[in-house]
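Numbering (my numbering), first residue to last: 28 to 338.
Accompanying notes for the structure given below.
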Amino acid sequence: MKAISYSRYGSADVLEYGERPDPKVGPDSVLVKVRAAAVNPVDWKAREGYLQASLEAVFPVIPGWDVSGVVVQPGAAVDEFEVGDEVIGYVREDFLSRGTFAEYVAAPVRTLARKPLSVGFEEAAGLPLCGLTAHQVLHKVLKVREGETVLVHAAAGGVGSLAVQLARHAGCRVVGTAGPHNHAYVHGLGGEPVEYGKGLADRLRALAPDGFDAAFDTVGGEALRVSAATLAPGGRLASIADAEVFSYGGRYAFVRPDATDLAHLAGLAEQGIVSVHVDRTFPLEQAADAYRLNEQGRTRGKVVVTVDWDT
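Below you can see the structure in the form of structure tokens.
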């Protein structure tokens, strides 16, 4: 099969497009014909070696954890999916090697859910990792409740935009940081946009004088410190970007594959309650350029890589 891979840690320049062996399908996995795979910041951080302490790399590594596609072969023990089923997945194993930036991926059934029928493959590919992150942080870590005021950082990004939508669906008031060019977008999601940068704490206090009941940090650094400083008494703080959150009494979160959670998100997408904005798409052979764009940190929503099966 054709795939993107890298044989050493490094910049996007280490990514190569070429032939890789077809994946073997274990008894609890299905072979998915990939239609689209979304780029996430964790993908390039893993490629640069930042996750070495927790995830062993078995080189050459095919990167990517998000996928949408079609089942072409169920494993011997699988009865959840059949040939032809359209699926989405956060296909993360406990090591780096067999990712989704390829024509095929062998995906454990614990990482998959049925794709929302009303959503295209490109948009669907952007839902799993970001959607699961937003859902698990909001509902399992922060445990947001109806009527609370929630702060979401980078509210126009992949995780942030879904967090805004999910928090609003839970009945929360949501304030989201974003650049001025994304304020209309954040407002359209149901959030109250506020510009990040110098003076952020004062702007947040003006919007929420009593403080935030919960704050979701996706950036780290100053954003985390401002979040801690603007919490209401007893407010909850979580970060997916900065372990310094522990020093503020908050929690650090790392998303995990969960088929039940993913099916729930797919149902919300099917109903139009949540949606994924696809900023730009690239063909598989140009995945390195997709990574470079994502690394700039300025995209709205998701950057997605597609596999063309018509040629």
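Cβ atoms here follow ideal geometry from the backbone N, Cα and C, with glycine treated the same way.
Three-state secondary structure (DSSP) of residue i
| i | result |
| --- | --- |
| D269 | coil |
| G187 | helix |
| G262 | strand |
| G153 | coil |
| P207 | helix |
| D335 | coil |
| A80 | coil |
| L169 | coil |
| A104 | coil |
| R278 | strand |
| G158 | helix |
| T138 | helix |
| A182 | coil |
| R62 | strand |
| A194 | helix |
| A240 | Reading off the sequence, residue 240 comes out as Asp, not Ala. If DSSP states are grouped into helix, strand and coil, D240 belongs with the strands. |
| V253 | helix |
| F86 | strand |
Nearest-angstrom beta carbon gap, residue j and residue i [assumed within contact, 8 Å]
| i | j | result |
| --- | --- | --- |
| S145 | H304 | With 8 Å as the limit, S145 and H304 do not qualify as a contact, their Cβ atoms being about 16 Å apart. |
| G126 | V88 | 7 Å |
| F239 | L216 | Actually they do not touch by this definition, with Cβ atoms about 18 Å apart. |
| L165 | A140 | Rounded, the Cβ-Cβ distance is 18 Å, inconsistent with contact. |
| P155 | D93 | 5 Å |
| L169 | V282 | At roughly 14 Å, the Cβ-Cβ gap does not stay under 8 Å, so L169 and V282 are not in contact. |
| A241 | V186 | Between V186 and A241 the Cβ distance is about 15 Å, and since that is not below 8 Å, they are no contact. |
| Y117 | L289 | 7 Å |
| G277 | A265 | 6 Å |
Cut-off 7 Å between Cβ atoms - residues of its own chain near residue i, not counting five sequence neighbours on either side
| i | result |
| --- | --- |
| A317 | V66, F309, V330 and V332 |
| K51 | A133 |
| R137 | P284 and A286 |
| V61 | V94, G96, T127, A129, E130, Y131, V132 and V334 |
| S32 | E43, R47, P87, V88 and I89 |
| L78 | K72 |
| A296 | P143, V146, L154 and S302 |
Boundaries (first-last residue) of the alpha helix (DSSP H) holding residue i
| i | result |
| --- | --- |
| Y212 | H210 to L216 |
| R230 | L227 to L234 |
| T287 | A286 to E297 |
| E322 | A314 to E322 |
| A73 | P68 to R74 |
Neighbourhood of residue i by C-beta, 8 Å cutoff - its chain only, sequence neighbours within 5 removed
| i | result |
| --- | --- |
| N209 | A182, A183, P220 and R327 |
| S274 | none |
| R195 | V201, L216, G217 and G218 |
| K142 | S95, E113, V114, I115, F148, A151 and A293 |
| D40 | A315 |
| V110 | V98, V99, Q100 and P101 |
Neighbourhood of residue i by C-beta distance below 6 Å, restricted to the same chain and skipping five residues each side
| i | result |
| --- | --- |
| D112 | V98 |
| H180 | T204, D244, T245, V246 and A250 |
| S29 | Per the sequence shown, residue 29 should be read as Lys rather than Ser. Excluding sequence neighbours, K29 sits near E130. |
| A84 | L123 |
| W71 | Y318 and E322 |
| L320 | V330 |
| L227 | V253 |
Buried or exposed by the 16-neighbour rule on C-beta atoms within 10 Å, applied to residue i
| i | result |
| --- | --- |
| W336 | exposed |
| Q163 | buried |
| G262 | buried |
| I300 | exposed |
| Q192 | buried |
| N175 | As written in the sequence, residue 175 is Glu, which differs from the Asn given in the question. Its Cβ being crowded by 16 or more others within 10 Å, E175 is buried. |
| G91 | buried |
| R35 | exposed |
| D121 | exposed |
| D106 | exposed |
| R325 | exposed |
| R103 | The residue asked about is misnamed: residue 103 is Ala in this sequence, not Arg. A103 is exposed by the Cβ-count criterion. |
| A63 | buried |
Range covered by the beta strand (DSSP E) that runs through residue i
| i | result |
| --- | --- |
| V246 | Neither: V246 is in no beta strand (DSSP E) and is coded neither H nor E. |
| S95 | D93 to P101 |
| T326 | That residue, T326, is in no beta strand (DSSP E); it is neither H nor E in DSSP. |
| V305 | V305 to P310 |
| Y33 | Counting along the chain, Y33 falls outside any beta strand (DSSP E), and DSSP gives it neither H nor E. |
| I300 | No beta strand (DSSP E) holds I300; DSSP gives it neither H nor E. |
| E109 | Element bounds for E109: n/a, residue is neither H nor E. |
| R47 | Element bounds for R47: n/a, residue is neither H nor E. |
| V164 | Element bounds for V164: n/a, residue is neither H nor E. |
| L123 | F122 to R125 |
| V146 | No beta strand (DSSP E) holds V146; DSSP gives it neither H nor E. |
| V221 | E219 to V221 |
Min CB distance residue i to chain B below 7 Å
| i | result |
| --- | --- |
| G206 | Absent from the structure: chain B. Only one protein chain is present. |
Residue i: CB within 6 Å of a non-hydrogen atom of the ligand ZN
| i | result |
| --- | --- |
| A235 | The model depicted lacks the ligand ZN and carries no ligand whatsoever. |
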